[in-house]
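Student:
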Amino acid sequence: MDLLQAPHSGPRKKRPRKAGALMVSGAHEVRFGDLVLFILEKKMGSTRRAFLMDLARSKGFRVEDELSDAVTHLVAENNSGNDVLEWLQVQNIQASSRLELLDVSWLIECMGAGKPVEMTRKHQLVVRRGSPASPNPDAQKTPSRSVQRISEYACQRRTTLNNCNYAFTVTRLCFSTWSRGRNAFEILAENCEFKENEDSYVTYIRAASVLKSLPFTIISMKDTEGIPCLGDRVKCIIEEIIEDGESSEVNAVLNDERYKSFKLFTSVFGVGLKTSEKWFRMGFRSLNKIKSDKSLKFTRMQKAGFLYYEDLVSCVTRAEAEAVSTLVKEAVWAFLPGAFISMTGGFRRGKEIGHDVDFLITSPEITEDEEQQVLHKVINLWENKGLLLYSDLVESTFEKLKLPSRKVDALDHFQKCFLILKLHHQREDNEKSSQQEEKTWKAIRVDLVMCPYERRAFALLGWTGSRQFERDLRRYATHERKMMLDNHALYDKTKRIFLKAESEEEIFAHLGLDYIEPWERNA
Ligand code: DCT
Ligand code: MG
Numbered sequence: 100m101d102l103l104q105a106p107h108s109g110p111r112k113k114r115p116r117k118a119g120a121l122m123v124s125g126a127h128e129v130r131f132g133d134l135v136l137f138i139l140e141k142k143m144g145s146t147r148r149a150f151l152m153d154l155a156r157s158k159g160f161r162v163e164d165e166l167s168d169a170v171t172h173l174v175a176e177n178n179s180g181n182d183v184l185e186w187l188q189v190q191n192i193q194a195s196s197r198l199e200l201l202d203v204s205w206l207i208e209c210m211g212a213g214k215p216v217e218m219t220r221k222h223q224l225v226v227r228r229g230s231p232a233s234p235n236p237d238a239q240k241t242p243s244r245s246v247q248r249i250s251e252y253a254c255q256r257r258t259t260l261n262n263c264n265y266a267f268t269v270t271r272l273c274f275s276t277w278s279r280g281r282n283a284f285e286i287l288a289e290n291c292e293f294k295e296n297e298d299s300y301v302t303y304i305r306a307a308s309v310l311k312s313l314p315f316t317i318i319s320m321k322d323t324e325g326i327p328c329l330g331d332r333v334k335c336i337i338e339e340i341i342e343d344g345e346s347s348e349v350n351a352v353l354n355d356e357r358y359k360s361f362k363l364f365t366s367v368f369g370v371g372l373k374t375s376e377k378w379f380r381m382g383f384r385s386l387n388k389i390k391s392d393k394s395l396k397f398t399r400m401q402k403a404g405f406l407y408y409e410d411l412v413s414c415v416t417r418a419e420a421e422a423v424s425t426l427v428k429e430a431v432w433a434f435l436p437g438a439f440i441s442m443t444g445g446f447r448r449g450k451e452i453g454h455d456v457d458f459l460i461t462s463p464e465i466t467e468d469e470e471q472q473v474l475h476k477v478i479n480l481w482e483n484k485g486l487l488l489y490s491d492l493v494e495s496t497f498e499k500l501k502l503p504s505r506k507v508d509a510l511d512h513f514q515k516c517f518l519i520l521k522l523h524h525q526r527e528d529n530e531k532s533s534q535q536e537e538k539t540w541k542a543i544r545v546d547l548v549m550c551p552y553e554r555r556a557f558a559l560l561g562w563t564g565s566r567q568f569e570r571d572l573r574r575y576a577t578h579e580r581k582m583m584l585d586n587h588a589l590y591d592k593t594k595r596i597f598l599k600a601e602s603e604e605e606i607f608a609h610l611g612l613d614y615i616e617p618w619e620r621n622a
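Our numbering puts the first residue of the sequence shown at 100, with every later residue one more than the last.
Rendered as structure tokens:
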């Protein structure tokens, strides 16, 4: 439908029209006169409604205080199409058959764009079949589904990188760059992870994930109504952040000796929870003390972690990831010209920075032996070129007939290698640096995964992440579909068959899920 349509005149109950409403909306000039909005207070609350009305008016939208004949677009929040129809009936208002019933997500997108954006299915409120007469006949063609209900599963939410809830981000800089920009609940979750408190970890990580998915900013506790994964404990923290701008619990964690030490220790490549616990108990609080302690023994991985520490804790940029991608393609194609190489992980989800660069490699028409040799050859090539700073190749333990793992966090069985590569800077930078005798390269963490061609869709889905998205996909498969999903396969327990897939879209379809694009999986 054309957005800039003429206002409708339908068989609607007559309401008084405000003088001057055509030219100004509130104190602002109307820039999009063909659209007349009305924002429903029901379930939204008066404060948020007033805020959105002011915001829309300030952007040049005409917003009516009352539902008059002139209104073309009714915007509601946490209401289904049926809820809105019911409200209209109670108010004794006969809506025009062309009145658009829209979810607030449409208005939020308009606010972001500074102009009306196209209305798509995801914005239109669905009226279920067999319900009172629909004001929008098209809406009846849509299957029964309440568009604005937020799922408890991240795989049923579209989570882009536009996080509207940075209010719940602690902006105070911790000692490490990794705390910057982290959601308050991610910090609490991480602290629970360090304490191996699984239940609390899940509570906080799910809260963080659902907050990231919201198309609006939480500005009052009313906004949290109807949102799943926000229990009492979480709501208390949200309330504190709304009122005080920060959470005492989060601040306590950020100042906690154990959290700070674990954060620091685990920032070293090769150091996990066990080693951190050991060093913390031994009284270490700084990396310098640990490095210089002669009694400590380090693994090969940790030695590399310390050696390239500064490079590895500074984020990998997209430009660096692209440069690594060129290196990977050159090397792999030298031995396997028909290989498909996909950059996975955070960069595939559209992130501009990451802690590493992940790749999935696969090829049709090669034997298992040839497949097994490729990563070895690639590593040798880089070794000979002096580009290999660290490598750990893990051979495949993949078995074709094995059922998918029941664990939501299980590692896969494909052949893979964890690397640190030497990435030389661009030439101009090089010239500048060599004059000053500075280092002309950066150490970059790279993961390469090799998978059998027929498993590529499962591997790509699994390695694209985010972790929370993957966990919820598997949880959804188990609890809602009686299926088992991992990075290798999808198994239908009811039919006792493996479900094949050539693409990620097919896996979503097998699971009965709407397809979620990679950049919408930033849960
Ligand atoms: N993955 C997973 N389970 C794990 C580890 C990884 O499902 N235990 C998936 C999810 C993301 C992908 O593999 C790549 O992992 P990371 O590189 O750790 O995550 P990322 O999303 O790429 O984040 P970053 O930008 O920090 O690299
Ligand atoms: Mg990654």
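Note that the Cβ used here is the ideal one computed from N, Cα and C, for glycine as well.
(1) Does the beta carbon of Gly453 fall short of 7 Å from some heavy atom of the ligand MG?
(2) May I ask you to check if the CB of Asp457 is nearer than 7 Å to at least one heavy atom of the ligand MG?
(3) Can you give the Cα-Cα distance for Thr425 and Glu348, rounded to whole angstroms?
(4) In angstroms, rounded to a whole number, what distance separates the CA positions of Ser157 and Asp168?
(5) I want to check one thing, is the minimum distance from the CB of Gly561 to the heavy atoms of the ligand MG below 7 Å?
(6) At the level of alpha carbons, what is the spacing between Arg384 and Leu395?
(7) Measuring alpha carbon to alpha carbon, tell me which of Ile440, Tyr408, Glu345 ends up nearest Val367.
(8) Quick check for students: name the residue ranges of the beta strand (DSSP E) that lie wholly in the segment 510-566, counting only runs of 3 or more.
(9) With a 10 Å radius around its C-beta and 16 neighbouring C-beta atoms as the bar for buried, classify Asn235 as buried or exposed.
(10) Distance, Cα to Cα, Leu184 vs Leu224?
(11) Nearest by alpha-carbon distance to Asn262: which of Ser312, Val477, Asp410, Leu206 is it?
(12) Would you say the beta carbon of Glu569 is closer than 7 Å to some non-hydrogen atom of the ligand DCT?
(13) Which residue spans inside the segment 332-386 form an unbroken alpha helix (DSSP H) run of at least 4?
(14) Comparing alpha-carbon positions, which option in Asp392, Lys334, Phe293 lies nearest Arg305?
(15) Using a Cβ-Cβ cutoff of less than 6 Å, which residues in the same chain neighbour Leu435 once the five nearest sequence positions on both sides are dropped?
(16) Using CA coordinates, which residue listed in Gln188, Glu605, His172, Asn191 is at the minimum distance from Asp202?
(17) Please list the segments of the beta strand (DSSP E) lying wholly inside the segment 150-210, counting only runs of 3 or more residues, in order along the chain.
(18) Taking Asp491 as part of the beta strand (DSSP E), name the residues at either end of that continuous run.
(19) Kindly identify the DSSP beta-bridge partner or partners of Gln223.
(20) Comparing the CB of Gly404 with every heavy atom of the ligand DCT, is any distance shorter than 7 Å?
(21) Report yes or no: do three or more beta-carbon pairs, one from the segment 578-591 and one from the segment 545-560, lie closer than 8 Å?
(22) Considering only heavy atoms of the ligand MG, does any lie closer than 7 Å to the CB of Gly180?
(23) Mark Ile596 as exposed unless 16 or more other C-beta atoms lie within 10 angstroms of its C-beta, in which case mark it buried.
(24) The alpha helix (DSSP H) with Phe607 in it runs from where to where?
(25) Specify, as a first and last residue, the run of the alpha helix (DSSP H) that Ser424 falls within.
(26) Would you report the Cα separation of Tyr575 and Gly611, rounded to the nearest angstrom?
(27) Leaving aside the five residues before and after Leu260 along the sequence, list all residues of the same chain whose C-beta is less than 8 Å from its C-beta, in chain order.
(28) Would Val367 count as contacting chain C if we go by Cβ distances under 8 Å?
(29) Should Gly437 be listed as close to the ligand MG, given that the test is whether its C-beta is under 7 Å from any heavy atom?
(30) When the Cα atoms are used, what is the spatial distance from Leu372 to Lys359?
(31) Compute the minimum distance between the beta carbon of Gly369 and the heavy atoms of the ligand DCT, and state whether it is under 7 Å.
(32) Starting from Arg620, follow its DSSP beta bridges and name the residues at the other end.
(33) Give me, in chain order, the residues of the same chain whose beta-carbon lies closer than 7 Å to that of Thr443; leave out the 5 immediate sequence neighbours on both sides.
(34) In angstroms, rounded to a whole number, what distance separates the CA positions of Val507 and Asp133?
(35) According to DSSP, what are the bridge partners of Asp457?
(36) Can you give me the C-alpha to C-alpha distance between Thr241 and Glu199, rounded to a whole angstrom?
Tutor: Considering the structure as presented:
(1) yes
(2) yes
(3) 45 Å
(4) 23 Å
(5) no
(6) 14 Å
(7) Tyr408
(8) 514-523, 540-549
(9) Annotation note: pLDDT 42 at Asn235 (below 50); position unreliable, coordinate value reported separately. By the neighbour-count rule (16 or more Cβ atoms within 10 Å), Asn235 is buried.
(10) 10 Å
(11) Ser312
(12) yes
(13) 347-354, 356-364, 372-380
(14) Lys334
(15) Ser462, Val473
(16) His172
(17) 161-163, 172-175, 199-202
(18) 487-493
(19) Leu201
(20) no
(21) yes
(22) no
(23) exposed
(24) 603-609
(25) 417-434
(26) 10 Å
(27) Arg448, Gly449, Lys450, Trp618, Asn621
(28) Protein chains in the displayed structure number just one, and chain C is not present.
(29) no
(30) 13 Å
(31) no
(32) Thr258
(33) Asp457, Phe458, Leu459, Leu559, Trp562, Thr563
(34) 50 Å
(35) Asp546
(36) Reliability fails at Thr241, whose pLDDT of 32 lies under 50, so the model's placement of it is uncertain and no value is given.
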